[in-house]
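Undergrad: Respectively, the protein sequence lines represent chains D and Z. Heads up, the final residue of the first sequence is numbered 585 in the numbering used here, and it's a clean run with no missing numbers. Heads up, the final residue of the second sequence is numbered 1706 in the numbering used here, and it's a clean run with no missing numbers. Here it is, the structure in full.
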Amino acid sequence: MSTVPDLLYSDVEDDLRAAVRAVLADRCGPAAVLGRIETAEPYDPALWRVLAGELGLAGLLVPEKLGGQGASAREAAVVLEELGGAVAPVPFLGSAVLATTALLGCGTAEAATAALLGRLAAGEVTAALAVPLSAAPGGTFPSAVRADAGGRLTGAVTSVADALTAGVLVVPALGPQGPGLYEVAAAEAVVGRPVSFDLTRPLADLRLDGARGRLLAGGDAAAAALERALLTGAGLLASEQVGVAQWCLDGTVEYLGERRQFGRVVGSFQALKHRLADVWLDVVSARAAARNAAGVLAASPYDPAEAALAVAVAQAYVSPVAVRAAEEAVQLHGGIGMTWEHPLHLYLKRAKADEIALGTAGRHRAALAGLVGLPAAG
Amino acid sequence: MRAAVRELLAGWDPATTEPGEFLRARFDAGLAWVHYPVGLGGLGAPRSEQAAVDAELAAAGAPGNDPRRIGIGLGMAAPTILAYGTPEQKARFLRPLWTGEEVWCQLFSEPGAGSDLAGLRTRAVRDGDEWVVDGQKVWTSSAHTARWAILIARTDPDVPKHRGITYFVCDMTDPGVEVRPLRQITGEAEFNEVFLTGVRIPDAHRLGEVGDGWRVAQATLMNERVAIGGGASVPRESGMVGPVAATWRERPELRTPELHDRLLRLWVDSEVARLTAERVRQQMAAGTPGPEGSGLKLSLARLNQQLSGLELELLGEQGLRYGDWTMVRPRSVDFYGRDAGYRYLRAKGNSIEGGTSEILRNIVAERVLGLPAEPRNDKDAAWKDLPR
C-alpha cells in the first residue's frame, strides 16, 4: 500500500495563497469579471501580467535552471483553488499547467524548447495545448491534425482552452512517423471564437493549413508527454473545482445568514441548514481528494499508476461536488441567483464546464474500474 | 518512550507474565495512553506517539486490553473522568478501566430523551451523603457486563433543562439496577434497557458540580463522536466497501452494468472518505484540528448503509437469506464476521447512534457554518413546566 501524501497546506503554500488572493481581491472582483466577459478581450492581460510577472505563477512548474520557480503540482493546486474561487479569466490552466507540462515532458535538452519554457516562465508569452478541453487522459493519441514530412501541419482542433491569448500552440499531430508534439506559432493558425458556455474561460477553434511546426517530441515520448499533461491538468483541475465549490458554499452561507423571510433569517430553517451542511461535507471531502491528487502528482519519484488512480478518484468525486455546490447556491439564493447581475452564474457555468473538462466523472470512474480491478459486467 | 517500553518488557516478559498483571504494569509504566498524565497511565506525551508504543509492544507479543470490549470506558468514561474527576476518582477508576478488569457503560439516553437528551427525566434526589436515583435508561451497550456506568440524571426540575442535570458514576451492582436485553432489528441484543429503582450513589461518585452535568456530558459525547468517526490510518478498501468489492471480483456472474456504476461511485466515495479521515488525522497530528472531523460520522453512516444495501442486491438470490435471527448477546459489534443482511440491518443504526445524522447536520450548520439555530421555546423555561 502506498502511503497517503501530506494533505495539509505548508507555510509556503499558505503564503502563496495569500499573495494570489490579495491580487485577485484587488483586481478580479465580481464586477470586474462581469464587466469584461462580453467584450472583445474576455481574458484579463493586466491581471495576468501581475500574476505571471510579480508572483511568478507562469513559471511555477518550470525548473529554476530554465527560469521558472521550480515548484510542484502542490503549489499549482493552491493557485488553482484561488483562481477558481475568483473565476479569474487568466490562462493559468492552459498555459502554465497543460502546455507547460507537455513541453517539460518533451525533454528540455533542445535549446529551443528550453528557451520557450524560459519565455513562458517570464510571462513573455503564453501557450495552449491544442486539444479540446474535453479531452481526457487515457485516450488514444489525437488524429485531428496531420503532419507532413516537412513539419507542415494541417487540421482543425475545436474548443481549445486558453488559446485566444496564446502566442504558441503545442499541437499533437500524426505524422509519417506516428504521433508527434509540435510547437506552432499561434499566428500560423486561423483562430475562431465560438460562443463558450463558460464565459470566464473562453474557447478557441483552431484551423491549421500547412502551418509550420517544430517537432518537440515524437513517437512514444510524444504520447507520454501528452498523457502526462492531461493527467496533471485533470488532477489539478480538481483544486480549481474545490475553489469554485468553496466560493459557492461561502457565498450561500453568507446570503442565508442575512436574507429574511417569514420574520426570520432563512438560514435558521433546518431544511436549508441541512442542505448547506451536506454541501460543506462534500467540499471538505473534495478538498482531501484534490490535495491527494496534487500530492501524488508532486511526489518524487513520480509513480504513474498511483497518479492515474489519485487523479481518477479526484475527478470522479470533485466534478459533481462543484456542480452540486453551484446548483445548490443558485437554488438557495432564490431569484437573485437567476440574474445576470449576480456573479453566481459565472461559477455555475465554470462548474458545469469543468465537469466536462479533461474527462467527465463517468469517464474517470470507467478508468478506475481498470485501475482497481473492478471490471465491468459481461 | 523507547526506553520505557524496553524497561517494561524487561521487567514483565509477555511470554511468562499473566496478561492482567502485564496490563497493570503497562499502565503503571505510563504506556497505557501516553497522552494521559504521569501516574494515571500516561507520560504527558503527545497523543501521536501512542501508535509507535502500541506497535512495539504488539511486536513483542504483549497482551492487549481488547479495546472493543471496553470501548465505552476507553472512549467516553475515561476522558470525562480525566477532565472532571477528583484525584480520588481518577486514582480509583482509570487503572481497572484501562486494563479491562472493570467494564463501563453509559446511562444517557431514555425512551423520552434521544436527540433531545437534555429533556431526560431520570431523577436523582439528595439524601445526606448519597443520591437516590429512579428512572429508565435505554440503548445501553455493555450494561450486562459493566461494573460501572456514567450516568446523567435530573437533580433540579425547577430550572431550565440544561441546568438541572448532574453527572454521576453509578455502581451497576447496586440492587436497584435491573438490566434487560433490548432485542434489535438484527435479531440479537447488543444493547439493554436499564431500570433504576432507588439506586443509591455516594456523593463522592459525582463527576463535576451539581447542576453542571450537561457540560460534563458534552465532553463525553464529543469523545463518542471522535471514537465513532476517527481511528487509525487504514488502507484502501477498508471498511464496508471491502466485502462488496471482494464479492464483485469473485462472482463475475452477479455483475450488471447498473450495479457496476453504483459500485464505482461508492468505491470513489469510500476512498475519498478514507482520504478525508486521513486529512483529519494529519491535522490532529500537526496540532491544528479543524472542523472537518465533525463530518466523518455523517459520511461513514451513509456509506455503510449504501454499500451494505448494494451488497444485498449484488448477491441476488443469496440476499434473500439471513444468517440467524436467534436472540443472542454479542460480545462486540462485528460488521465483518457476519453476512451481508446483518451488515445492512446493523448499519441502519450508524445514522442514529451517537448523534443522529440530522442532529449532526444541525451541529455543522450552526457551529461550523455559523447559521442561526431554529427558534425554540424549551431553553429558558423550567424543566417541570415544559409541555409533554
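Heads up, the beta-carbon is just placed ideally off N, CA and C, and yes, glycines get one too.
From the beta carbon of G474(D), is the nearest beta carbon of chain Z less than 7 Å away?
TA: Yes, because at least one Cβ of chain Z sits closer than 7 Å to the Cβ of G474(D).
Undergrad: Near F348(D), what residues of its chain come up, given a Cβ to Cβ distance below 6 Å and the 5 sequence neighbours on each side ignored?
TA: Only P386 and A430 meet the Cβ criterion.
Undergrad: Whose C-beta lies closer than 8 Å to the C-beta of V473(D) among residues of the same chain, with five residues either side of it excluded?
TA: Around V473(D): L463, R466, R467 and L479.
Undergrad: Tell me which residues of the stretch 480 to 505 of chain D have at least one Cβ-Cβ distance to chain Z shorter than 8 Å, keeping chain order.
TA: For the stretch 480 to 505 of chain D, which is checked against every Cβ of chain Z, the residues closer than 8 Å are K480, H481, L483, A484, D485, W487, L488, V491, S492, A493, R494, A495, A496, R498 and N499.
Undergrad: Using beta carbons (cut-off 7 Å, strictly below), is R191(D) in contact with chain Z?
TA: An answer regarding residue 191(D) cannot be provided, because it is not within the stretch 208 to 585 covered by chain D.
Undergrad: What span of residues does the beta strand (DSSP E) with Q448(D) cover, start to end?
TA: Taken as a continuous stretch (DSSP letters only), Q448(D) belongs to no beta strand (DSSP E), being part of the alpha helix (DSSP H) at G426 to L463.
Undergrad: Helix or strand or just coil, what does DSSP make of V1477(Z)?
TA: Correct three-state label for V1477(Z): coil.
Undergrad: Determine the burial state of D1698(Z): buried for a count of at least 16 other Cβ atoms within 10 Å of its Cβ, exposed for fewer.
TA: It counts as exposed.
Undergrad: CB-CB under 6 Å to D1657(Z), same chain, minus the five flanking residues each way: which ones, in chain order?
TA: Taken in chain order, the residues that qualify are G1641.
Undergrad: Quick check on Y1485(Z): buried or exposed, where buried means 16 or more other Cβ atoms within 10 Å of its Cβ?
TA: Buried.
Undergrad: In chain D, which residues lie less than 7 Å from V1686(Z) when you measure between Cβ atoms?
TA: Within 7 Å Cβ-Cβ: W487.
Undergrad: Determine, using beta carbons only, whether T407(D) and L565(D) come nearer to each other than 7 Å.
TA: Result no, Cβ atoms of T407(D) and L565(D) do not sit closer than 7 Å.
Undergrad: Closest to G399(D) by CA distance: which of S366(D), A536(D) and A392(D) is it?
TA: Residue S366(D) is the option with its Cα nearest to G399(D).
Undergrad: Taking Cβ-Cβ distances shorter than 8 Å, what residues in chain Z pair up with D213(D)?
TA: The contacting residues are Q1600.
Undergrad: Just confirm the distance between the C-beta atoms of A265(D) and A303(D), as a whole number of angstroms; I'd bet it's less than 8 Å.
TA: Yes, A265(D) and A303(D) are in contact; Cβ-Cβ is about 5 Å, under 8 Å.
Undergrad: Among L1663(Z), G1688(Z), E1339(Z) and D1445(Z), which one has its Cα closest to the Cα of D1380(Z)?
TA: At residue 1380(Z) the sequence reads Ala, which differs from the Asp that was named. Closest option to A1380(Z), Cα to Cα, is E1339(Z).
Undergrad: Looking at the structure shown, is I1483(Z) part of a helix, part of a strand, or coil, going by DSSP?
TA: Strand.
Undergrad: Please check if any C-beta of chain D sits within less than 7 Å of the C-beta of A1619(Z).
TA: Not closer than 7 Å to any Cβ of chain D, the Cβ of A1619(Z) fails to qualify, so no.
Undergrad: Rounded C-beta distance between N1668(Z) and Q1636(Z)? I'm assuming under 8 Å.
TA: Incorrect: roughly 23 Å between the Cβ atoms, too far for contact.
Undergrad: Mind listing the chain Z neighbours of Q477(D)? Cutoff is C-beta to C-beta under 9 Å, in chain order.
TA: The answer, in chain order, is E1676, R1679, N1680, A1683 and E1692.
Undergrad: At the level of alpha carbons, what is the spacing between S1433(Z) and T1674(Z)?
TA: Cα to Cα, S1433(Z) sits roughly 7 Å from T1674(Z).
Undergrad: Using the beta-carbon of each residue, which ones in chain Z are nearer than 7 Å to G580(D)?
TA: The answer, in chain order, is R1567.
Undergrad: Output yes if chain D places a C-beta closer than 7 Å to the C-beta of G1548(Z); else output no.
TA: Only weak support exists for where G1548(Z) lies, its pLDDT of 48 falling under 50; the value from the coordinates is given anyway. It does not; no Cβ of chain D falls within 7 Å.
Undergrad: According to DSSP, simplified to helix, strand and coil, what is P409(D)?
TA: Looking at P409(D) - three-state DSSP - the assignment turns out to be coil, as it is neither helix nor strand.
Undergrad: Within 7 Å (strictly less), CB to CB, does V1590(Z) reach chain D?
TA: Interface residue, yes.
Undergrad: Any C-beta of chain D sitting closer than 7 Å to the C-beta of P1575(Z)?
TA: Yes, contact with chain D.
Undergrad: Please list the segments of the alpha helix (DSSP H) lying wholly inside the stretch 1529 to 1591 of chain Z, counting only runs of 4 or more residues, in order along the chain.
TA: For the stretch 1529 to 1591 of chain Z, whole alpha helix (DSSP H) runs of length 4 or above, ordered along the chain, are 1531 to 1547 and 1559 to 1568.
Undergrad: Just reading off the beta strand (DSSP E) that S475(D) is part of, what are its end residues?
TA: From DSSP, S475(D) is part of no beta strand (DSSP E); its letter is neither H nor E.
Undergrad: According to the Cβ coordinates, are A316(D) and L376(D) closer than 7 Å?
TA: No. Outside cutoff.
Undergrad: Would a check of beta-carbon distances place V520(D) closer than 7 Å to chain Z?
TA: It does: the Cβ of V520(D) has a partner Cβ on chain Z nearer than 7 Å.
Undergrad: For I1390(Z), count neighbouring Cβ atoms within 10 angstroms of its own Cβ and tell me buried if that reaches 16, exposed if not.
TA: When all chains shown are included, I1390(Z) counts as buried.
Undergrad: How long is the line joining the alpha carbons of V1356(Z) and A1363(Z), rounded to whole angstroms?
TA: Taking the straight line from one Cα to the other gives about 9 Å.
Undergrad: For I1470(Z), count neighbouring Cβ atoms within 10 angstroms of its own Cβ and tell me buried if that reaches 16, exposed if not.
TA: Buried is the call here.
Undergrad: Spell out the partners DSSP gives W1466(Z) in its beta bridges.
TA: The partner list for W1466(Z) (beta bridge, DSSP) reads W1422(Z) and D1489(Z).
Undergrad: Taking only beta-carbon positions, decide if R1498(Z) is within less than 7 Å of chain D.
TA: With 7 Å as the cut-off, R1498(Z) does not count as an interface residue toward chain D.
Undergrad: Compare the C-beta of V460(D) with all C-beta atoms of chain Z and state if any pair is closer than 7 Å.
TA: True, the Cβ-Cβ gap to chain Z drops below 7 Å.
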